[in-house]
Amino acid sequence: MVAVFNKELLSWYLIAVKLNQAVETGLQNAQSPTNNSRSIEFPQATQETDQPLINPLQIPINDGETSHVVEEEKPPESESEWVIGIKEKLDQARTEDAVGPWARLSIYRIPQCLRDTDDKAYIPQTVSLGPYHHGKRRLRGMDRHKWRALHHVLKRTNQRIELYLEAVKDVEERARACYEGPISLSSNDFVEMMVLDACFVLELFRGAAAGFTHLGYSRNDPIFAMRGAMHSIQRDMIMLENQIPLFILDGLYGLQSGNPGLTGVVARLALRFFDPLMPTDEPLTKSDRDKLELSNAATFDPLTEQGGLHCLEVFRRSLLAIRAGPKPSPRVWMKRWSHTSRVADKRRQQLIHCVTELKDAGIKFKRRKTDRLWDIKFKNGVLKIPRLLIHDGTKSLFLNLIAFEQCHLDCTNDITSYVIFMDNLIDSPGDVSYLHYCGIVENWLGSDAEVAEMFNRLCQEVVFDINDSSLSRLSEQVNRYYDHKWNAWRASLGHKYFNNPWSIISFLAALVLLFLTLAQTFYTVYAYYDPPS
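Residue numbers (the working numbering): 10 to 542.
This is the structure in structure tokens:
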């Protein structure tokens, strides 16, 4: 019996006893014949006893009256759930990383960096098409008109709704792959939405081409009539986030017309429907229209493996379809990415000087009579630019076209190049005024300051490759002409002394007076050295 009179020594004695018991228990388990493992195991609880197990990490503390045990904090049990959650996210990433769905992606969500420029330009205000804005409260008012359109289609064609539902159900997976990210709608809801929206779009296309009264609508119909509301619908239907895959429209149009394999017709109907949004007021010549009709089969083929074409892509290609030359190759990002060429800094996107500076350097501006928006020419100090019609829908149109070119890899940046080119030209309201004087800019938007501000904000946060611009060669020619000092001096002489008829007359009078003065001086000097005999 050991007598301990100090409380502190008693506590350390109890700790040593407990540790000794734990070590002896571990050695006995290791030497047990039923145990084939050399590792030390802690005793496990059994059903026969309710006594708590002695943990060597449990430290008894005696304060003289009572004794309690302070245990070391154990790792939380939720740690395993955390690891399981990470593995589930990795499995989801592995599924989304499959090659198939990304290859068909063509209807994108607007990146946040572009959306900050003008969010309203990308969000529909009247009608929603597709899943991105489906079911939003402010757009639900158009749903009843969509159902009316579907009713007219079924009544006119004498077909059952099951035919349309089954047709879209067969290509549901392909349609979902055209959209970015997972779609939360169920299979039935997604198919119903596609049928309803697609039939509504087709009714608008056919009504704009053949007349809505011909389709059975009243001439006073609040929606299916070419009135004020139609312009807002057209602007919403050209937005990138508000698109339906073109093969869905082609398929349902084929069912309505009795020719399921028919393609290309919807693309032509779409061009006619969106014609009021064209940023040029020059009409197409007959030869250009024939070229466009012949190119539709190859240009607007929605059944290619690249798939996923939609109305915005049709509209974009219509602006570029008549261009001569081979089809541009898709962009290769890794090959062309460099800090010296591909930039997001607006200061390094300078393709050309502004109108005022070019005019001071002797460059003249003339209107080029063509509907091809991109067809800009420069020769002998004259820059010829097609007329640009600016209205209240121009900003949204250009922003969505630029966003599509920024997101979609398999297309060129021709529209972005054109907008940046015009942004460089237009730096102030005076530049807009001069372009309007030359017949190049037709302003239906408002003041010249609004047009200048619109162009100066269109290409903010746009990643653009200067060397990959379709107008880079023309810009080099203009800048080379601008850098010649003689051209600037000649232009300065013209601006100061030949800017009006009176200045020209004064200049000619001065020349005559100078000539007469020189002649008088000559004869005076000549008579002095050679006097008459």
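Backbone N, C-alpha and C fix where the C-beta goes; we use that ideal spot for every residue, glycine too.
- Every unbroken stretch of the beta strand (DSSP E) spanning 3 or more residues and falling wholly within the stretch 417-475 is given here in chain order: 450-452.
- K164: member of the alpha helix (DSSP H) spanning D152 to T166, first to last residue.
- Around the C-beta of C468, 16 or more other C-beta atoms lie within 10 Å, and the residue is accordingly described as buried.
- DSSP places L114 outside both helix and strand once states are collapsed to three, so it counts as coil.
- Taking a C-beta distance under 8 Å as the contact criterion, T135 and S241 qualify as a contact pair.
- If you draw a 10 Å sphere on the C-beta of T526, you find fewer than 16 other C-beta atoms in it, and that means exposed.
- Listed in chain order, the non-local C-beta contacts of S137 below 7 Å within the same chain comprise H143, K145, L148 and N251, local neighbours out to five positions each way being set aside.
- Counting along the chain, the unbroken beta strand (DSSP E) around K388 starts and ends at K386 to K388.
- Across the structure, D423 and S515 are spaced so that their CA atoms are roughly 48 Å apart.
- Secondary structure at V274: helix, using DSSP grouped into helix, strand and coil.
- Residue pairing from DSSP places P395 in a beta bridge opposite R377.
- For I475 and D179, the gap between their C-alpha atoms comes out near 44 Å.
- Beta-bridge annotation (DSSP): Y188 is paired with I116.
- Nearest to F233 by C-alpha distance, out of P191, K375, W156 and I170, is W156.
- DSSP, read as helix, strand or coil, puts V521 in helix.
- Residue state for D259 is assigned as helix, using DSSP reduced to three classes.
- Contact between L480 and L360 holds, with the beta-carbon distance rounding to 6 Å and staying under 8 Å.
- In this structure R113 does not touch T289 by the C-beta definition: roughly 32 Å separates them, more than the 8 Å allowed.
- With contacts defined as CB atoms closer than 8 Å, R215 and L264 fail to qualify as a contacting pair.
- Short of 8 Å from the beta carbon of L159, and not among the five residues preceding or following it, lie these beta carbons of its own chain, in chain order: I170, V204, L205, C208 and F209.
- In the DSSP assignment, S241 falls within the unbroken alpha helix (DSSP H) covering G237 to M246.
- Put simply, the backbone Cα of L255 is about 43 Å away from that of K373.
- The C-beta distance from I435 to V364 rounds to 7 Å, short enough to meet the 8 Å contact threshold.
- Only residues of its own chain outside the window of five on either side were considered, and among them P133, Q134, T135, V136 and N251 have a CB closer than 7 Å to the CB of D245, listed in chain order.
- The Cβ atoms of I116 and Y173 do not sit closer than 8 Å to each other.
- Within its own chain, no residue has a Cβ closer than 7 Å to the Cβ of E182 once the five positions on either side in sequence are excluded.
- Sequence-distant Cβ neighbours of A412 in its own chain, meaning closer than 8 Å and more than five residues away, are Y117, I119, P120, L123, Y131 and L249.
- In the three-state DSSP reduction, S479 falls in the coil class, being neither helix nor strand.
- DSSP, reduced to helix, strand and coil, places N229 outside both helices and strands of the structure shown, so it counts as coil.
- Note on D440: 16 or more other CB atoms within 10 angstroms of its CB, so buried under the neighbour-count rule.
- Taking 8 Å as the cut-off, the Cβ atoms of D432 and F387 do not count as close.
- Per DSSP, the continuous alpha helix (DSSP H) segment holding F209 begins and ends at S196 to A219.
- Counted as a single uninterrupted DSSP element, the alpha helix (DSSP H) harbouring K178 occupies residues I170 to D179.
- Nearest to R376 by C-alpha distance, out of L398, H362, D369 and E366, is L398.
- When the beta-carbon positions are compared, A176 and G273 stay at least 8 Å from each other.
- By the CB criterion at 8 Å, Q415 and V471 fall inside the cutoff.
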